[in-house]
Every structure is written in structure tokens, then in C-alpha cells.
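Sequential numbering from 250 applies to the sequence shown in the numbering used here.
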Amino acid sequence: MHGPQLFISPAGEPFRAPPGAPYPIKAWFDGADANHDGALSRDEFVADSLRFFAVVDVDKNGVIDGFEVSNYETRIAPEIIGGMAPGSMRRGPMGQGPGGDGPRRRPQGTNVLQGAALFGLIAEPEPVMASDGDFDRRITKEEATRAAKTRFALLDTDKDAVLKLEELPKTPAQTGLRPGMKGKGGGMGRPGGGRGGGHRRG
């Protein structure tokens with residue numbers, strides 16, 4: 250992999266690593282694994298998502314508003330802006346249009362990768378806005394919690410109620426894809442995940 254490496258957690262948190270270093274998914278996984286048993290339970294997964302929710306919720310009022318979304322997109326994870334199609338960052342929950350009922354696996358045909366979908370485990374161009382369940386452009390803590398539970402269920406492909414690093418799919422970026430390139434499936438259902446360090450927070 251050439252150049253700086255980026256992983257976007259399911260909640261939208263960026264993790265970066267220099268060229269040649271292990272892919273930084275492990276930095277996220279180890280931080281979320283609160284009891285350090287090598288597996289993420291749903292409670293740990295949700296707690297990690299809410300920890301990052303609090304980071305984005307700058308004024309600490311329990312709601313991520315439009316100003317905080319803009320801060321997220323321009324200051325916290327500006328990489329997701331590159332290569333985005335017009336309007337694609339304002340789709341419905343979990344990367345779907347209005348009426349979407351949860352996150353989706355990456356389609357098995359070819360698809361143009363955009364935003365965070367290139368660097369994450371789930372095909373969501375903008376994970377923070379994807380949690381907006383009622384489309385009011387505000388994300389409450391309750392909405393973030395529901396989104397985290399839905400994402401966990403999607404990633405828990407063997408339904409054993411835990412996520413293990415070696416069971417997680419590789420991100421498209423790990424396979425060498427770049428913004429705007431077409432992927433063939435990618436992500437969901439493919440074992441991998443990488444090992445080694447990285448920075449706990451972007």
C-alpha cells in the first residue's frame with residue numbers, strides 16, 4: 250500500500266498510519282476491545298461508537314447538528330470528502346436513500362467507491378450522517394446507538410455475538426483501490442483485517 254494509510258471505523262472515526270506500517274484497523278479494534286479479550290461484544294462496539302459520538306458532539310448537548318457534521322467532514326475526517334459524488338453524503342441511514350432500513354453489504358457486482366466506504370467495513374460514504382434515522386439532519390445519541398447495533402449485526406456474519414479481528418473483511422483501501430475506482434464486492438464477508446499498530450485516535 251503506497252502513501253499514508255487510513256481506516257474509518259464503523260462509527261466514522263479515522264485511524265491513520267504511515268506508509269509501510271500495519272494497517273490501522275487494529276488500532277481501532279484494540280481500543281474498542283475494553284476488556285482486551287481479543288473479541289468485540291455488541292456492548293463494547295456500541296460503547297466505542299458512543300465514545301466517538303461524544304467527540305463529534307462538540308457542545309456536549311447530546312445531538313450532532315449540522316455545524317458539528319461540517320466540523321467532522323472538514324476537520325476530523327477530511328479524507329472522506331475526496332471523490333464524493335454530489336449529494337452522496339446526504340443520503341439516508343446507512344448509505345441508503347430514504348426508506349433505507351439499515352446498513353448494507355457491499356454489492357457483489359462492481360460499484361464506485363466513495364468517501365468513507367473506501368476506508369471502512371460497511372458501504373457508507375458518510376457514517377455520521379448515515380446514523381440520521383429520521384432524516385432531520387440531526388443525530389441524537391439514541392439514533393447513534395441504534396445505528397451501532399445495526400452495524401454490529403451486519404458485521405457479525407457468523408452470528409456468534411462477537412467480532413474478531415481476523416474475521417473482519419478487508420477494506421477496499423487495503424486491497425489497493427482508490428477514490429472513484431470500481432470495486433468488485435470488497436469488504437463484507439472477506440476475511441482479513443491486518444495486524445499491528447497505528448494511532449488510537451486520528
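C-beta: ideal position from N, C-alpha, C; glycine also.
Determine the contact status of residue i and residue j, defining contact as a CB-CB distance below 8 Å.
i, j, result
"residue 290", "residue 397", "no"
"residue 294", "residue 412", "yes"
"residue 382", "residue 400", "no"
"residue 386", "residue 312", "no"
"residue 307", "residue 325", "no"
"residue 261", "residue 365", "yes"
Helix or strand or just coil, what does DSSP make of residue i?
i, result
"residue 306", "coil"
"residue 265", "strand"
"residue 256", "strand"
"residue 362", "coil"
"residue 417", "coil"
"residue 289", "strand"
"residue 313", "strand"
"residue 394", "helix"
"residue 389", "strand"
"residue 367", "helix"
"residue 346", "Because the pLDDT of residue 346 is 37, which lies under 50, any placement of that residue in the model is unreliable, and the question is left without a value."
Can you name, in chain order, every residue of its own chain whose Cβ lies under 6 Å from the Cβ of residue i, other than the five neighbours on each side?
i, result
"residue 258", "277"
"residue 283", "293"
"residue 390", "311"
"residue 288", "411, 413"
"residue 328", "255"
Short of 8 Å in beta carbon distance, which residues of its chain neighbour residue i, apart from the five on each side in sequence? Order them along the chain.
i, result
"residue 303", "309"
"residue 392", "380, 381, 382, 383"
"residue 285", "279"
Output needed for residue i: all residues of its chain with C-beta closer than 7 Å, excluding positions within five of it in sequence on either side, in chain order.
i, result
"residue 220", "An answer regarding residue 220 cannot be provided, because it is not within the stretch 250 to 451 covered by the chain."
"residue 330", "322"
"residue 422", "255, 367, 368"
"residue 314", "387"
Three or more beta-carbon pairs under 8 Å between the stretch 366-377 and the stretch 404-423, yes or no?
-> Verdict: yes, contact present.
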